[in-house]
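Notes follow the structure.
Residue numbers (my numbering): 982 to 1232.
Dropping the structure here:
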């Protein structure tokens, strides 16, 4: 959302694309460093625009849910204050993180902080809804699942994977010494590709996807999942991601 999970649209899409002599020369005439321009000036502008829109995204989501579950547009009125608060609780930390640290952690930390505060407020009974909506039977899955005892891991354990990935990203992106170490180690390099002057270097320790995979694997232990549960979870995940993966592969 917005910056992407790890700021890829801003850092890779804009940052690497515009990192050319003419742009650098234009910025240098005003005494502006190129990556300061990307990580602070461009990022702040993007965060301002997206933040304003983001406040209303939960209202749009609630509208879709109510309409899909057979409700009327007037039925969302009760949920509007709660939805706006949810959007605001995301946008404020989202903007602050983007302003002070850059685009890479804004969406992750904004969502994590906002979700934690919003969940606590709901548990305190800040909003008491008179009417609840569920999806109609025809929209539910046709697969009959056996009765299972309810599983409760507690709020902290439920948030733990998100907390861990956020801490790792903060350590590897914000702390200069750690960032330098990650940038200079764990590199898979390819030189003179197909006999040309082209080269490519994959930096494992600077690739957030590697840490996401590690946290996913650790989640099996965090939630004490059985082999059957692990297999079912991976199967469902791959099945749901397959259409998006095909689109991204050819993008």
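Yeah, the Cβ is synthetic: ideal placement off N, Cα and C, and Gly gets one too. In this text the structure is predicted, and so the values were computed from the model without any measurement.
query	result
When you compare only the Cα positions, how much space is there between residue 1079 and residue 991?	11 Å
Enumerated in chain order, which unbroken segments of the alpha helix (DSSP H) with a length of 4 residues or greater are wholly contained in the segment 992 to 1032?	1002 to 1009
If you reduce the DSSP assignment to three classes, tell me which class residue 1071 lands in.	helix
Can you look up residue 1240 in the DSSP assignment and give me helix, strand or coil?	Nothing about residue 1240 can be read from this structure; the chain reaches only from 982 to 1232.
Between which two residues does the alpha helix (DSSP H) containing residue 1182 stretch?	Run containing residue 1182: none in the alpha helix (DSSP H); it sits in the beta strand (DSSP E), 1181 to 1184.
Between the alpha carbons of residue 1076 and residue 1223, how many angstroms are there, rounded?	32 Å
If you follow the alpha helix (DSSP H) that residue 1204 is in, where does it begin and where does it stop?	Looking at the DSSP string, residue 1204 is not in any alpha helix (DSSP H), and its letter there is neither H nor E.
Which residues does DSSP list as the beta-bridge partners of residue 1171?	1181
Three or more beta-carbon pairs under 8 Å between the segment 1148 to 1162 and the segment 1214 to 1228, yes or no?	no
Label residue 1154 either buried or exposed according to how many other C-beta atoms from any shown protein chain fall within 10 Å of its C-beta, with 16 as the threshold for buried.	buried
In terms of residue numbering, what span does the alpha helix (DSSP H) encompassing residue 1254 cover?	Residue 1254 falls outside the range modelled here, since the chain spans only 982 to 1232, and no answer is possible.
Excluding the five sequence neighbours on either side, which residues of its own chain have a C-beta within less than 7 Å of the C-beta of residue 1032, listed in chain order?	1072, 1075 and 1076
How would you call residue 1150, buried or exposed, if buried means at least 16 neighbouring beta carbons within 10 angstroms?	buried
On the DSSP letters alone, give me the boundaries of the alpha helix (DSSP H) that residue 1104 sits inside.	1087 to 1104
Please report the Cβ distance between residue 1187 and residue 1164, rounded to the nearest whole angstrom; I am assuming they are in contact, meaning their Cβ atoms lie under 8 Å.	6 Å
Of the residues 1002, 1034, 1140 and 1103, which one's Cα is nearest the Cα of residue 1063?	1103
Do residue 1167 and residue 1185 have their C-beta atoms within less than 8 Å of each other?	yes
What are the start and end residues of the alpha helix (DSSP H) that includes residue 1042?	1038 to 1049
Determine the closest residue to residue 1000 out of 1010, 988 and 1014, with distance taken between C-alpha atoms.	1014
Please classify residue 1089: is it buried, with 16 or more other beta-carbons within 10 angstroms of its beta-carbon, or exposed?	buried
Is residue 1061 closer than 8 Å to residue 1040 when the C-beta atoms are compared?	yes
Given a cut-off of 8 Å, decide if residue 1135 and residue 1099 are closer than it, judged by their beta-carbon atoms.	no
When we look at the beta-carbon of residue 1002 and count the other beta-carbons within 10 Å, is it buried (16 or more) or exposed?	exposed
Take residue 1191 as the anchor and find which of 1146, 1141, 996 and 1211 has the nearest alpha-carbon.	1146
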